[in-house]
Structures are given as structure tokens and as C-alpha cells.
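Chains as they are written, first to last, in the UniProt record's numbering: chain A, 1 to 339; chain B, 1 to 339. Backbone N, C-alpha and C define an ideal beta-carbon position, used for all residues, glycine too.
2 protein chains.
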Amino acid sequence: MFGKEVIVTEVALRDGSHAIAHSYTVDQVVRIAKALDDAKMPYIEVSHGDGLGGSSLQYGLSTTNEFELIEAAVNTCNHSKIAVLLLPGIGTVKELKTAAKIGAKMARIATHVTEADVSKQHITMSKELGLETVGFLMMSHMAPTEKLVEQAKLMESYGADVVYMVDSAGAFLPHEVKERIAALRGSLDIEVGFHAHNNLSLAMANTLVAIEEGATRIDGSVRCLGAGAGNTQTEVLIGVLERLGIKTGIDFYKMMDLAEEIVAPILQTPQEITKGSLILGYAGVYSSFLLHANRAAKKWNVDARDILIELGKQKVVGGQEDMIQEVACMLANKKLSVF
Amino acid sequence: MFGKEVIVTEVALRDGSHAIAHSYTVDQVVRIAKALDDAKMPYIEVSHGDGLGGSSLQYGLSTTNEFELIEAAVNTCNHSKIAVLLLPGIGTVKELKTAAKIGAKMARIATHVTEADVSKQHITMSKELGLETVGFLMMSHMAPTEKLVEQAKLMESYGADVVYMVDSAGAFLPHEVKERIAALRGSLDIEVGFHAHNNLSLAMANTLVAIEEGATRIDGSVRCLGAGAGNTQTEVLIGVLERLGIKTGIDFYKMMDLAEEIVAPILQTPQEITKGSLILGYAGVYSSFLLHANRAAKKWNVDARDILIELGKQKVVGGQEDMIQEVACMLANKKLSVF
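The structure is reproduced here in C-alpha cells:
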């Protein structure tokens with residue numbers, strides 16, 4: 001039923017950067033990376049929350065240059081390999097080269113689930129740089145299974161060593177994960193990974209289903225330190241996998257200790273499932289839509305949740321923020337026509 | 001695959017009482033009950049965390065008499081029925097009568113999973129009082145499936161209208177829930193319920209599996225306001241069930257609003273999965289063991305987690321706290337013999 005081994009990537013030092021307004025310091029990164037290394041975490045991802053080059057007014061300025069953080073993590077770890085995330089368009093080949101030069105060993109090239117073609121240059125370059133290369137299909141719930149498989153196959157054809165299905169909005173239900181991971185496993189010759197978010201309190205459920213269907217690469221964030229409601233909570237995952245007899249090579253006790261003693265004190269707000277993260281997962285939309293929807297809701301006197309759900313139905317993607325006003329206006333008119 | 005309807009009981013005003021040191025005030029109960037009633041919650045459980053009569057030095061003193069809280073909830077609700085919990089031995093028939101007199105409509109009679117026989121008198125009395133009566137089998141993971149079914153059948157024979165499988169320690173894995181709920185459904189003529197805890201981040205996963213196998217009564221706690229890492233988060237559950245096309249009759253938006261505006265501000269500490277709640281779920285032991293294990297660990301210079309895991313293996317139950325010292329001593333001797 002389950003495979004016997006899973007390789008975990010810890011994303012708190014990348015995805016978690018969203019949750020603390022990209023404020024990681026070298027000291028924090030060194031302490032967390034050292035503890036993770038000691039617990040024998042295979043991979044630790046370190047980058048701006050939106051990937052290399054993400055530090056900007058639009059995506060949030062990093063307090064510390066990400067290359068300083070990456071270098072600090074590389075120099076700290078004896079066992080763990082350092083991974084970086086790159087979204088073509090935000091990051092460039094230049095940043096990828098720098099990351100490789102300072103010792104990153106894995107690059108995860110991320111695109112929207114329907115835009116794998118823009119990853120070709122970066123996957124090729126990453127392989128040329130000698131990096132283990134992961135194709136990272138974000139907002140995977142927005143594409144039907146066949147489309148997802150087609151896009152994953154593109155990344156495989158570019159040379160990716162692994163393809164991840166990424167539930168960026170925390171929108172997947174377990175049966176949807178099951179169907180998609182099975183389809184990916186049936187169509188690819190490379191390893192399949194899964195990255196969950198906990199907006200619907202299903203990160204662990206979806207992760208177990210993915211593993212059951214053959215995913216062998218899994219992302220987790222210690223103490224749920226990731227965007228939205230956080231990811232699959234790494235230290236809990238290790239415990240659950242131990243109970244299931246699935247090996248990760250990671251020390252459960254050390255993970256618990258570092259979660260409690262090193263990571264928890266860094267969290268600025270607890271990683272609970274709030275009204276905001278819940279509605280984002282339910283609607284299946286980008287977290288950046290929440291602020292815009294709240295503003296539009298005020299202007300048009302409609303419920304922001306109705307806007308987000310409608311945006312989800314229309315499969316609106318990042319960059320289409322003008323649609324938010326349009327949807328709010330449409331809902332306001334609909335409301336008037338009831339009277 | 002899934003049933004089309006599920007009846008939810010909100011337990012934040014009972015199980016959640018553990019999380020706030022039994023400090024509920026009449027004002028808080030009225031505000032929460034009013035909002036839940038308005039959202040069309042079918043049942044709201046109001047009692048001391050350890051059930052009627054639980055207010056004591058041993059289990060924690062309630063700030064406000066629970067009957068005042070029950071009466072306030074009864075008088076507040078037009079739609080929601082008020083449920084009470086009773087553990088024979090902690091509560092008595094006298095408290096049950098008082099609860100019925102002041103307007104409670106459902107009694108949940110709770111015993112350890114292997115001790116259903118002690119519920120006979122109370123289930124009989126509850127039925128005589130005209131209350132809808134639920135048998136509540138706690139720490140269900142500690143019994144094999146056949147034993148669980150046998151005990152549930154006892155409660156059915158006493159006249160229970162519903163039997164719940166209760167995952168008091170948050171220890172169940174999804175495949176374990178699946179097997180047990182299917183067995184209960186195959187053996188009972190009455191409805192089956194499920195009460196989860198989130199210690200292993202599996203409350204939602206286990207709840208969905210239980211529903212898939214035919215459980216029709218489900219407990220949730222708003223904003224995870226329950227013991228340990230909390231229960232299945234009610235407002236999230238409503239959203240997930242809506243996505244699955246399962247009806248609850250509960251207003252999703254109103255649940256989100258009351259979670260954010262009324263319940264969240266009451267929480268004294270956020271309902272995260274901490275080192276303590278994680279190890280309790282992993283070991284599958286009573287939460288009251290944690291403090292004792294920490295003390296014994298210090299005395300014998302061993303890891304409290306090793307003690308808890310060993311207690312779980314030995315299936316030690318409440319009232320056997322002397323076993324904790326014994327196990328700690330055994331582990332200390334084992335440690336010495338290594339050198």
C-alpha cells in the first residue's frame with residue numbers, strides 16, 4: 001500500500017519566509033539549518049518566498065540578501081543539501097548560476113501548472129550547472145489531470161529529475177490528489193513529488209494519499225512555517241511516517257526539539273487556519289488575491305468571500321488582478337437585481 | 001462513495017474547556033452559542049471538559065458552575081440542541097437529571113473503550129429522561145476492532161441511539177479508522193459517530209475516512225478549541241464537506257465569522273501541534289500522562305518521550321499513573337546497562 005521510503009525537503013526557510021515577511025537573518029538560518037542538518041534532513045530549501053530574485057516591492061523585500069542566507073546554510077550543513085526555488089520571470093539564469101556557485105545542490109524550477117514551457121531554459125541550465133533539477137508545477141488544482149500530466153511530461157523532456165505537483169492554494173481534496181498522482185506515476189519515468197498547504201486542514205491527508213500513490217519526494221515545513229496555513233508539518237509527518245513504517249532517515253526526536261525550541265519562537269503569528277487561509281483554500285485562488293478582494297468588497301459592498309469563490313470558478317490566475325474589480329462589480333449588480 | 005448528509009456536534013464549549021483551563025463565563029457561552037445557533041449548528045455540547053461533575057481539584061475547577069453555562073446555552077438557542085457529556089464515576093445520575101431538567105436534549109455517556117458495561121445505568125436513565133443518548137467510547141485506538149465492536153454493541157443493547165468511536169489521544173491513522181468504522185457500521189443498527197483529535201495532523205483526514213465508511217455523526221471544535229491539538233476544526237470541516245457535496249445544514253460563512261470574531265479572541269494559546277501534543281498522539285496515551293512523564297524523566301534522567309511511548313506500548317490507562325515511575329526506572333536501568 002505504501003512505499004518504504006520517502007525523501008523530504010524542508011521548506012520553512014523558503015515558503016516560511018512568506019509567514020515572517022521575508023525577515024530571515026543569517027543567525028536564524030544558521031541555527032535552523034544546523035539543527036535540520038543534525039536531524040539528517042536530506043534537503044533544505046533556502047530562497048525568498050517567491051524564489052530567487054523575489055525580493056522586491058511587489059513580492060516583499062528580504063531583510064537579508066538571499067544569497068547570504070543560502071551561503072550560510074551551505075556552510076553550516078554537512079549532511080543536508082541546499083535547494084533553491086526559481087520562478088522564471090521573477091528569477092533569472094544569472095541568479096541560478098550564483099546559487100550553484102555558492103554551493104546549492106538542487107534547483108526547483110517553478111511555473112504555473114499550465115506554463116511548463118517557460119521552464120525549458122532554466123531546467124536546461126540547471127542541469128548544465130550540475131544541479132539536481134526539479135520541475136515544480138504550482139496551482140496544480142487549476143488544471144485537469146490530463147493537462148497536468150502533459151505539463152509534467154514537458155518538464156521531464158527538458159531534463160528534470162523530479163516533477164512536483166504543488167498545491168499552492170491548499171485547495172486539493174484527497175481523492176483529487178489520488179487521481180492526479182496516480183496519473184503522473186503512470187506517465188512519467190522520473191520521480192514524482194508533492195507539496196501541500198494546510199488551508200483545508202488536509203495537508204497531511206493529501207500527503208499520505210500522494211505517498212500511497214507513489215510520490216517519493218515530499219515537502220514539509222517545521223511547525224507549519226509556510227505561506228497561508230503552512231505546509232505539511234514536517235516533525236508531525238516524520239512521526240506519522242514512522243508509525244506507517246516508511247523510512248525518511250530523519251531523526252523524529254530532533255525534529256520535535258528544533259520545532260519547539262528554534263522554529264516556534266521565530267513565528268510572529270501562530271500557523272492556525274484562519275478565516276483568510278480557509279477561504280483561499282476553499283476558493284482555490286492565490287493568496288495575493290485576498291487583500292485585493294477585501295478592498296473590492298468594501299468598494300462594491302459585497303462579501304469578499306463571494307468574490308474569491310467566483311475568481312476560483314473562473315480560474316483567474318496571478319497577473320489578472322483587474323478581474324477582481326470586474327467580479328466585485330458583477331456581484332454588486334447581481335445583488336441589486338434581487339431587489 | 002460519501003453519504004449525502006452528516007450531523008455535526010460542536011464541542012468547543014466542552015472539549016475546548018480543557019484548552020482554556022475550564023474558565024468559560026456565561027457571557028462567553030452565550031455569545032458562542034448564539035452565533036452557533038444562528039449558523040444552524042444541530043448540537044452544541046456544554047459541560048466541564050471531563051464531563052458533568054468534572055469540576056474538582058483533580059480535573060480542574062470550573063470558573064463558572066457548568067449548570068449555569070448549560071442553562072445559559074439552552075436559553076440562548078432556538079435551533080441548536082444542547083448536549084452534555086457524562087463519564088460515569090466522575091458524573092452521576094443526579095447531574096444527568098439536573099441537566100435534563102434545565103433543558104439539555106442529548107446526553108453522551110462516555111467510558112474507556114473496554115468499559116462500556118459501566119455505562120448501562122446511565123444510558124438507561126438518560127433514555128428514561130427522554131434524552132437522545134449517545135455511547136461515547138474513549139481511547140478507541142487502545143482496543144482491537146473486535147473488542148471495539150463488542151463494546152459498541154453493549155451500548156446499543158443498553159438503548160443508546162448512537163455510538164461514537166472517540167480518538168481521545170489523536171492517535172489513529174486513516175487506515176485504522178477505516179477498518180474500525182466499517183466494522184461498526186457492519187455490526188450495529190444504530191448510527192455511528194466519530195470524534196477526532198488533531199495531534200498527528202490527521203483529524204480532518206480521519207473524519208473524512210469515517211464519513212466515507214458511513215459515520216453520520218461528527219464532532220468538531222471551532223478554531224480547534226479542544227484538548228491537545230484540538231479536534232476537527234468545525235468551520236474548515238463545513239467548507240470541506242460543501243466541496244464534497246455533503247450536507248450539514250450549517251452556514252459556512254457564519255461559522256467562519258464566529259471562529260474569527262468570537263472564538264479566536266478567547267483562545268489563550270494558539271491551537272498548534274506542539275511537541276507535547278505530537279508525542280501524546282504518537283504514543284497514544286492520555287494527555288494527563290505528559291506532566292507525570294516529564295517529572296519522572298527528570299528524576300530518572302531519561303527522555304519523557306521514551307516513557308510515553310513505552311506507556312503506549314503497554315496500553316497503560318488513566319488511574320495507572322504509578323506505572324509511569326516504573327517505566328521510567330526500567331528505562332534508566334536499560335540505559336545504564338548499555339555502558
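Assigned with DSSP and collapsed to three states, B:LEU85 falls in strand. By the Cβ neighbour-count rule, A:GLU5 is exposed, with fewer than 16 other Cβ atoms within 10 Å of its own. Using a CB distance cut-off of 8 Å, B:THR124 does not count as an interface residue toward chain A.
The straight-line gap separating the alpha-carbon atoms of B:ASP322 and B:GLY130 is approximately 41 Å.
The C-beta of A:MET41 comes no closer than 8 Å to any C-beta of chain B.
One finds GLU260 in chain B with Cβ atoms closer than 7 Å to the Cβ of A:THR274, taken in chain order.
For the stretch 182-202 of chain B, the residues whose beta carbon sits under 7 Å from a beta carbon of chain A are, in order, LEU200, SER201, LEU202. The distance from the Cβ of A:MET138 to that of A:SER168 is about 5 Å, consistent with a contact at the 8 Å cut-off.
A:ILE82 is the residue among A:ILE82, A:GLY89, A:ALA110, A:SER157 whose C-alpha sits nearest the C-alpha of A:LYS101. Within chain A, the C-beta atoms nearer than 8 Å to that of B:MET256 come from LYS275, LEU278, ILE279, ARG305, in chain order. Relative to the Cα of A:TYR282, the nearest Cα in the group A:ALA227, A:ARG305, A:MET330 belongs to A:ARG305. Counting only residues of its own chain and dropping the five nearest sequence neighbours on each side, B:LEU331 has a CB closer than 6 Å to the CB of VAL302, ASP306. Contact annotation: the stretch 91-107 of chain A does not touch the stretch 27-36 of chain A, with fewer than three C-beta pairs closer than 8 Å.
Secondary structure note for A:HIS175: its alpha helix (DSSP H) is the uninterrupted segment 174-187.
By the beta-carbon neighbour count (other beta carbons within 10 angstroms, threshold 16), A:LYS275 is buried. Cβ-Cβ distances below 7 Å link A:ALA21 to GLY60 in the same chain, with the five nearest sequence neighbours on each side left out; the list follows chain order. Per DSSP, the beta-bridge partners of A:LEU137 are A:THR111, A:MET165.
For A:TYR253, there is no enclosing beta strand (DSSP E); the enclosing alpha helix (DSSP H) covers residues 252-258. Annotation: Cβ neighbours of A:LEU173 in chain B (cutoff 8 Å, chain order): VAL240, ARG243, LEU244. In the DSSP assignment, B:ARG217 falls within the unbroken beta strand (DSSP E) covering 217-220.
When DSSP states are grouped into helix, strand and coil, A:THR63 belongs to the coil group. For A:VAL93, the enclosing alpha helix (DSSP H) has its first and last residue at 93-101. A residue is called buried once 16 or more other Cβ atoms fall within 10 Å of its Cβ, and A:VAL118, having fewer, is exposed.
Distance from the CA of A:VAL163 to the CA of B:ASN75, rounded to the nearest whole angstrom, comes to 57 Å.
Between A:TYR253 and chain B, the shortest Cβ-Cβ separation is below 8 Å. Counting along the chain, no beta strand (DSSP E) covers A:THR248, and no H or E run does either. In this structure, the beta-carbon distance from A:GLY284 to A:ALA210 does not fall below 8 Å. Ranked by Cα distance from B:ILE309, the first of B:LEU202, B:ILE279, B:PHE67, B:THR234 is B:ILE279. For B:TYR158, the nearest beta carbon of chain A is not closer than 8 Å to its own beta carbon. When rounded, the separation of the alpha-carbon atoms in B:MET204 and B:ASN198 is 8 Å. Membership of A:GLU156 in the alpha helix (DSSP H) is indicated by the continuous run 145-158.
Within 7 Å of the CB of A:GLU235, the CB atoms of chain B belong to LEU278, in sequence order along the chain. Distance from B:GLU132 to B:MET106 at the Cβ level is roughly 4 Å; contact confirmed, criterion being Cβ atoms closer than 8 Å. The distance from the Cβ of A:GLY51 to that of A:LEU85 is about 4 Å, consistent with a contact at the 8 Å cut-off. A:TYR282 carries a helical assignment under DSSP once its states are collapsed to helix, strand and coil. DSSP places B:HIS195 in the strand class (E or B) of the three-state scheme.
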